[in-house]
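First the structure, in the form of structure tokens, and then the observations on it.
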Amino acid sequence: MLKPGATMTLHELIVAALRSVRANRLRSLLTTLGIVIGVAAVIILVALGNGVRAGFDAQFSRLSNQITVSKATGSVPGGGAARDLTDQDVQALQNPRLAPHIASVTPSMTGNVSVNAGQTNARARLVGATHNYLDISARTVAVGRWFTEQEVQSNEKLVLLGQEAVSLLWGPSTNMGEVLGQSIRLNRATFKVVGVLGNDGQNDNVAVVPFGAARSYLVGNANQVNQIIVKSTSAATVASARDQMTRILDIRHFIRKPADRDYDVRAFQNLIEQRSQFITFLTVFTASVAAISLVVGGIGVANIMLVAVTERTREIGIRKAIGAPRRAILKQFLIEAVVLTGLGGVLGVCVGVGAAVAGGIILPTMVASFPPPIVTVLPVLVAFLVSLVIGLMAGVYPANRAARLLPIQALRFE
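Residues 0 to 413, numbered by numbering that gives the first Met the number 0, are exactly what the sequence shown covers, in order.
The following block contains the structure:
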């Protein structure tokens, strides 16, 4: 019941709005359900996006200053076949006087090999690596150990396998620790398994052997290098390191124009930035789709407020007849609409934050390496404020309609 006076204080208006909500509990709950779902969905989806971005940054941040060089495939634009990358190219890139922004240079041999364990045959990607390959490639050893520098220099016949390669050779249920010390054949050479690499989701069907062993026993090509992995001094010097590197290789390969280069250069920083930007766009898109339910909820609030104006027409007429100004009626219904959406916003925040926190506990146990959602203050605050703005907008027309009623017409309403 509206206060039968000319005006009401803000506190009295809020109390009256809460009484109206309590008097129509089911209707109020159904009205605010769209707001609750919208606010909760926005918070949850943004938290999931933050978690995915944080997981991506943690996994690939070590590659942010990495640059790879490989021989161009096919004929080069200038004509003729591409020159091979050589040990001399590697040594030139390692010269700090010529390339002060290059921190480390690592050659590698790559290719495909036949892998045999007992009677089981498979194919795997071969990597001939130096002792610092793990640091540069941002990979880890799950079981066993990495090569020592002495083993790399003496071309020992040792191998680390990716987890997919282990599954292909011994079955997916194999205990990875049991393959350590076993002998396998790569092409026609016998190697001893000393470790299993951690899963990176991309290059798991791989056999990694010492760089010299790959050359001596598997791919040959003395003095040739399939790939050169370069790390700049920091992520900020990637562009400078790339310029220094291309300048050195252009001189060594007699390249006069960039279009004639017989090698390909790829900076992981550009790929990481593109992927991070894609994750951001995807998060914004999904959150925007979820926000549509806020608009739907606002339409529901406007509909209910119109019903409330119709139900309370005689009360409005009585209040206006005893001197209530138009702005008092307008304020009354606006506040009721904002209270409805505000309560929905509060419930939505509780549901959204609770679901995100629960997801951070449950999801990693259900899906291995799933990044837990990360709740931040900004999306919570924005979602709640948007719910209030929607309530204000949804209440404008019904409140204005109530304020414009003539007392005599309102009192005659049946």
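Positions of the beta carbon are idealized from the N, C-alpha and C atoms, including for glycine. It should be emphasised that the depicted structure is a prediction, and the values quoted were computed from it without experimental measurement.
Residue i, buried or exposed, once every other Cβ within 10 Å from all chains shown has been counted against 16
i, result
"residue 147", "exposed"
"residue 100", "buried"
"residue 304", "buried"
"residue 117", "exposed"
"residue 336", "buried"
"residue 288", "exposed"
"residue 191", "exposed"
"residue 331", "buried"
"residue 65", "buried"
"residue 108", "buried"
"residue 153", "exposed"
"residue 209", "buried"
"residue 343", "buried"
"residue 340", "buried"
"residue 172", "exposed"
"residue 253", "exposed"
"residue 298", "exposed"
"residue 203", "buried"
"residue 22", "exposed"
"residue 417", "Because the chain is modelled from 0 through 413, residue 417 falls outside the range shown and cannot be assessed."
"residue 427", "The displayed coordinates of the chain run from 0 to 413. Any statement about residue 427 would go beyond what the structure contains."
"residue 282", "buried"
DSSP state of residue i mapped onto helix, strand, coil
i, result
"residue 485", "No answer is possible for residue 485: the residues shown for the chain start at 0 and end at 413."
"residue 180", "coil"
"residue 124", "strand"
"residue 141", "strand"
"residue 31", "helix"
"residue 189", "strand"
"residue 2", "Annotation note: pLDDT 48 at residue 2 (below 50); position unreliable, no value reported."
"residue 18", "helix"
"residue 239", "helix"
"residue 194", "strand"
"residue 405", "coil"
"residue 221", "coil"
"residue 69", "strand"
"residue 166", "helix"
"residue 81", "coil"
"residue 215", "helix"
"residue 136", "helix"
Within 7 Å, strictly: CB atoms of residue i and residue j
i, j, result
"residue 333", "residue 394", "yes"
"residue 89", "residue 262", "no"
"residue 226", "residue 98", "no"
"residue 355", "residue 41", "no"
"residue 54", "residue 324", "no"
"residue 160", "residue 206", "yes"
"residue 279", "residue 197", "no"
"residue 390", "residue 308", "no"
"residue 174", "residue 217", "no"
"residue 372", "residue 358", "yes"
"residue 85", "residue 222", "yes"
"residue 285", "residue 44", "yes"
"residue 293", "residue 37", "yes"
- [ ] Could you tell me whether the segment 235-254 touches the segment 158-176, using the rule of 3 or more Cβ pairs below 8 Å?
- [x] no
Task: Any beta strand (DSSP E) of 3 or more consecutive residues that is wholly inside the segment 87-121 - done: 101-116
Open item on the list: Counting beta carbon pairs with one atom in the segment 251-262 and one in the segment 22-38, are three or more of them shorter than 8 Å?
Closed with: no
TODO: Could you pull out every unbroken beta strand (DSSP E) segment of at least 3 residues lying fully inside the segment 244-322, listed in chain order?
DONE: 262-266
Task: Segments of 4+ residues assigned as alpha helix (DSSP H) that fall wholly inside the segment 321-374 - done: 325-365
- [ ] Check whether the segment 268-277 touches the segment 117-130, counting contact only when three or more Cβ pairs, one atom from each stretch, lie closer than 8 Å.
- [x] no
Open item on the list: Does the contact criterion of 3 or more C-beta pairs under 8 Å hold for the segment 20-30 versus the segment 104-111?
Closed with: no
TODO: Could I get the ranges of all uninterrupted beta strand (DSSP E) runs contained in the segment 373-403, with 3 residues as the minimum, in chain order?
DONE: none
Task: the segment 168-187 touching the segment 227-239, judged by at least three CB pairs closer than 8 Å - done: no
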